[in-house]
Amino acid sequence: MTAAVRKKEKRVQRAESRVGLKMKHMRLLKGLTLKKLASLAHCSESMLSRVENGSANPSIKTMHRVALALNMPVSGLFQGADDEDGGNVVLRQGERPTVEAGQGKGHKLEALIPSRSGNLLSGYINDMANGSICVALGWSGDINIARQRAIDGKTGQKIEALIPKNGGILFFDVMVIPADAPHPENAHKFIDYIMRPEVHAGLTNKVFYANPNKESKKFIKPEVAANPTVFPSDADMAKMAAPDAINNDLRRTMTRMYTSFKTGL
1 MTAAVRKKEK
11 RVQRAESRVG
21 LKMKHMRLLK
31 GLTLKKLASL
41 AHCSESMLSR
51 VENGSANPSI
61 KTMHRVALAL
71 NMPVSGLFQG
81 ADDEDGGNVV
91 LRQGERPTVE
101 AGQGKGHKLE
111 ALIPSRSGNL
121 LSGYINDMAN
131 GSICVALGWS
141 GDINIARQRA
151 IDGKTGQKIE
161 ALIPKNGGIL
171 FFDVMVIPAD
181 APHPENAHKF
191 IDYIMRPEVH
201 AGLTNKVFYA
211 NPNKESKKFI
221 KPEVAANPTV
231 FPSDADMAKM
241 AAPDAINNDL
251 RRTMTRMYTS
261 FKTGL
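Right, here's the structure in full:
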């Protein structure tokens with residue numbers, strides 16, 4: 001008995017050559033003209049035209065703006081759907097698709113996670129915004145971001161964040177300075193900057209998460225300040241629980257329960 005083994009040919013197509021093609025493909029799928037995409041991404045129409053025809057590489061900032069306008073991860077612009085990742089959640093160094101950004105500036109982007117639907121690390125925000133999923137259990141800020149993206153992108157999806165009747169879990173973002181940080185004074189300057197009322201308000205307006213700075217309230221958009229899933233009422237706060245440290249036995253139980261839930265769907 002003999003077996004024929006076909007050696008898989010390694011693709012040699014450069015990621016840079018795919019950025020323009022992928023951008024144009026996604027733009028057309030969404031029914032956007034080049035002028036409209038340039039407007040949504042706050043970019044030059046002529047620059048995007050050159051990117052699409054392969055005569056220019058976009059800067060990192062441009063790729064971020066275009067990806068946001070197209071409701072897709074940045075890595076999706078240069079990582080093709082046919083890129084094989086073996087089902088990995090993250091991509092190992094040396095196996096990551098890369099793309100050169102900008103015009104001869106030496107900037108390079110690497111895809112750290114596969115750009116595919118359902119990848120938990122790539123998030124469920126865009127999937128909600130474009131209608132790929134209809135219900136999700138997640139953080140309120142993520143769901144409110146999805147709602148805003150659906151509105152901005154006119155996807156027709158009506159998304160609402162809800163607080164469970166029996167309450168939910170709180171989480172806290174904190175800023176810390178490592179004990180051996182070589183320049184702690186710079187860290188303090190950054191923390192002082194974030195603590196400015198107008199800066200804190202800008203973060204809340206952008207990501208729809210509350211902040212602890214009372215003086216920032218006057219800079220927060222009225223519709224955001226009035227959103228009960230951003231700033232819960234006292235009654236809702238009384239039902240919330242802060243996460244606590246868990247031991248290994250409980251962690252294993254949680255893993256088994258979650259695995260059972262997923263495989264039972």
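Just so you know, our numbering puts 239 at position 239 of the sequence shown, and the rest follows in order with no gaps.
We treat Cβ as the ideally placed atom computed from N, Cα and C, and that holds for glycine.
Predicted model only: the values in this text are computed from it and were never measured.
* Asked: Is it buried or exposed for residue 135, if we count other Cβ within 10 angstroms and need 16 for buried?
  -> exposed
* Asked: So, are the CB atoms of residue 234 and residue 228 less than 8 Å apart?
  -> no
* To do: Return yes when the C-beta of residue 224 is under 7 Å from any heavy atom of the ligand GDP, and no when it is not.
  => With respect to the ligand GDP, the structure shown offers nothing to examine, as it has no ligands at all.
* Does the beta-carbon of residue 252 have 16 or more other beta-carbons within 10 angstroms, so that it is buried, or is it exposed? -> It counts as exposed.
* **Cβ pair residue 230, residue 140 closer than 8 Å** => yes
* Asked: Beta carbon of residue 56, beta carbon of residue 65: below 8 Å?
  -> no
* To do: Throw me the rounded Cβ distance for the residue 45 and residue 34 pair, which I believe falls under 8 Å.
  => 6 Å
* **DSSP bridge partner residues for residue 169 (one or two, in chain order)** => 241
* Asked: Alpha carbon to alpha carbon, how far is residue 54 from residue 198?
  -> 41 Å
* Asked: According to DSSP, is residue 160 helix, strand or coil?
  -> coil
* Sequence-distant residues of the same chain with beta carbon closer than 6 Å to residue 150, five excluded per side -> 129, 157, 159
* **Three-way DSSP call (helix, strand, coil) for residue 188 in this model** => helix
* **Residue environment, residue 52, which counts as buried when at least 16 other CB atoms sit within 10 Å** => buried
* Cα-Cα separation between residue 24 and residue 48, rounded to whole angstroms -> 9 Å
* Rounded Cβ spacing between residue 133 and residue 161 (contact assumed at less than 8 Å) -> Wrong, their Cβ atoms sit about 14 Å apart, outside the cutoff.
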